[in-house]
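Read the structure below first, then the notes.
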Amino acid sequence: MESLIKFVENEFVEKKEFPKFSSGDTITVYYEIKEGDKTRTQFFKGVVIQRRGSGATETFTIRKMSGTVGVERIFPVNMPALQKIELNKRGKVRRSRIFYFRGLTGKKARIKEIRS
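Structure (structure tokens):
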């Protein structure tokens with residue numbers, strides 16, 4: 004049964020090429036929004052808090068600060084509305100899920116950048 008599910012995922016789910024990113028990286032996600040009969044592109048720039056799942060069900064969570072309020076958004080990797088992902092900064096973190104980042108403010112909320 005599991006091999007049948009993987010076969011269907013590989014055959015019918017459209018795969019898009021995105022850059023490799025992990026938690027701690029700062030990325031910009033461009034996605035399409037439909038309002039009535041109009042469509043427009045919106046972007047969401049923030050720090051990746053986690054990646055979870057695999058294959059067709061993989062998702063990633065991004066957190067950004069909007070004024071003094073933290074805003075998080077979960078994106079499925081295979082979402083048809085995703086147009087592109089830009090990698091702005093590579094971050095150096097020790098964990099794959101950085102939920103402790105939610106409690107940090109000010110200078111403590113900085114992530115060290117990996118320069119390549």
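First residue of the sequence shown: 4, per our numbering; consecutive thereafter. Glycine residues also receive a C-beta, built at the ideal position from the N, C-alpha and C atoms. None of these values were measured; they are calculated from a predicted model.
Per-residue DSSP class, three states only, for residue i
| i | result |
| --- | --- |
| residue 47 | strand |
| residue 105 | helix |
| residue 6 | helix |
| residue 72 | strand |
| residue 63 | strand |
| residue 110 | helix |
| residue 20 | coil |
Proximity to residue i [Cα-Cα], best of the options
| i | options | result |
| --- | --- | --- |
| residue 81 | 72, 90 and 62 | 62 |
| residue 25 | 112, 113 and 65 | 65 |
| residue 37 | 13, 78, 84 and 12 | 84 |
| residue 49 | 32, 101 and 39 | 32 |
| residue 89 | 15, 34, 13 and 14 | 34 |
Where the beta strand (DSSP E) containing residue i begins and where it ends
| i | result |
| --- | --- |
| residue 90 | 85-92 |
| residue 38 | 29-38 |
Pairwise C-alpha distance: residue j and residue i
| i | j | result |
| --- | --- | --- |
| residue 73 | residue 43 | 24 Å |
| residue 47 | residue 23 | 17 Å |
| residue 51 | residue 69 | 15 Å |
| residue 8 | residue 114 | 38 Å |
| residue 14 | residue 39 | 32 Å |
| residue 57 | residue 98 | 18 Å |
| residue 41 | residue 21 | 26 Å |
| residue 100 | residue 117 | 18 Å |
Residue burial classification, residue i (beta-carbon count within 10 angstroms, cutoff 16)
| i | result |
| --- | --- |
| residue 29 | buried |
| residue 45 | exposed |
| residue 94 | buried |
| residue 104 | buried |
| residue 27 | buried |
| residue 11 | exposed |
| residue 78 | buried |
Cβ of residue i within 8 Å of any chain C Cβ
| i | result |
| --- | --- |
| residue 77 | Going by chain labels, chain C is absent from the structure shown, which holds only one protein chain. |
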